[in-house]
Amino acid sequence: MQKRWIMIIAGIMIAVVLSGCGGSSYDNGYDDGYSDGFYDGARVPVDGMTTLFLRDINGFSAGGVHYTCTDPTGALSADAVTAPNGEFSFYPGEQCTFDLLGFGGTPDDPLFVEDDIGQGKNNIAYVCHGGDAGLTGYNVDLGRDGFFSYLPDDICTFSF
Numbered sequence: 246m247q248k249r250w251i252m253i254i255a256g257i258m259i260a261v262v263l264s265g266c267g268g269s270s271y272d273n274g275y276d277d278g279y280s281d282g283f284y285d286g287a288r289v290p291v292d293g294m295t296t297l298f299l300r301d302i303n304g305f306s307a308g309g310v311h312y313t314c315t316d317p318t319g320a321l322s323a324d325a326v327t328a329p330n331g332e333f334s335f336y337p338g339e340q341c342t343f344d345l346l347g348f349g350g351t352p353d354d355p356l357f358v359e360d361d362i363g364q365g366k367n368n369i370a371y372v373c374h375g376g377d378a379g380l381t382g383y384n385v386d387l388g389r390d391g392f393f394s395y396l397p398d399d400i401c402t403f404s405f
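To get the numbering used here, take the position in the sequence shown, counting from 1, and add 245.
(1) Can you check DSSP and say which residues form a bridge with Val326?
(2) Among the residues of its own chain, which have a CB less than 6 Å from the CB of Gly331, if the five just before and after it don't count?
(3) Whose C-beta lies closer than 6 Å to the C-beta of Tyr275 among residues of the same chain, with five residues either side of it excluded?
(4) Taking the CB atoms as reference points, tell me whether Asp316 and Gly293 lie closer together than 8 Å.
(5) Return helix, strand or coil for Gln364, following the three-state DSSP convention.
(6) Give the DSSP bridge partners of Asn384, in chain order.
(7) Please list, in chain order, all residues of the same chain as Gly347 whose beta carbon is under 8 Å from its beta carbon, the five residues on each side excluded.
(8) Determine contact between the stretch 347-361 and the stretch 385-395, defined as no fewer than three beta-carbon pairs at a distance below 8 Å.
(9) Quick one: is Val310 buried, meaning 16 or more other Cβ sit within 10 Å of its Cβ, or exposed?
(10) Shortest alpha-carbon distance to Ala323 belongs to which of Phe357, Thr296 and Gly388?
(11) Locate the beta strand (DSSP E) running through Ala370, then write down its first and last residues.
(12) Closer than 6 Å by C-beta to Tyr371: which residues in its own chain qualify, once you throw out the five before and the five after it? Chain order, please.
Written as structure tokens, this is what we have:
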């Protein structure tokens with residue numbers, strides 16, 4: 246009888262001690278570090294960063310667009326692609342260059358720089374390799390803010 250109680254107590258102690266092993270619900274082996282440039286959801290906010298979105302005329306995201314950002318000293322601070330929802334992030338004062346390979350250019354395939362609630366962002370300086378340059382703004386014909394003009398397969402740099 247005494248041996249049985251010792252075995253029961255030992256079993257309970259082992260169960261209690263081992264119940265803390267095996268990780269937590271947050272340890273699923275999935276590293277969402279964004280190192281590959283693809284994002285399963287919204288990025289983790291970083292202090293001081295601004296996040297905007299690249300969207301088309303229908304409000305659909307321009308995901309998978311390669312972009313690089315450089316800080317005011319010219320140092321590379323980002324080399325990624327826009328998230329599936331068109332999201333990209335930068336620090337104020339940076340310049341970000343977007344490779345619009347596969348986009349038809351305006352007016353066939355207009356793009357817009359917008360915030361998280363779909364409001365176009367105006368007065369962002371940009372210059373494209375194809376010769377278009379200016380400030381993002383309201384397009385009267387399309388009735389949308391955040392518009393910029395570019396040529397097919399263009400590369401455009403924005404000064405944020």
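Ideal Cβ placement from N, Cα and C applies to all residues, glycine included.
Predicted model, so just to flag it, every value in this text is computed and none were measured.
Short version:
(1) His311
(2) Phe298, Leu299, Arg300, Ser306, Ala307 and Gly308
(3) In this prediction, Tyr275 has a pLDDT of 40, which is less than 50 and means its spatial position is unreliable; nothing more can be read from the coordinates.
(4) no
(5) coil
(6) Arg389
(7) Asp398
(8) yes
(9) buried
(10) Thr296
(11) Ala370 to Cys373
(12) Phe393, Cys401 and Phe403
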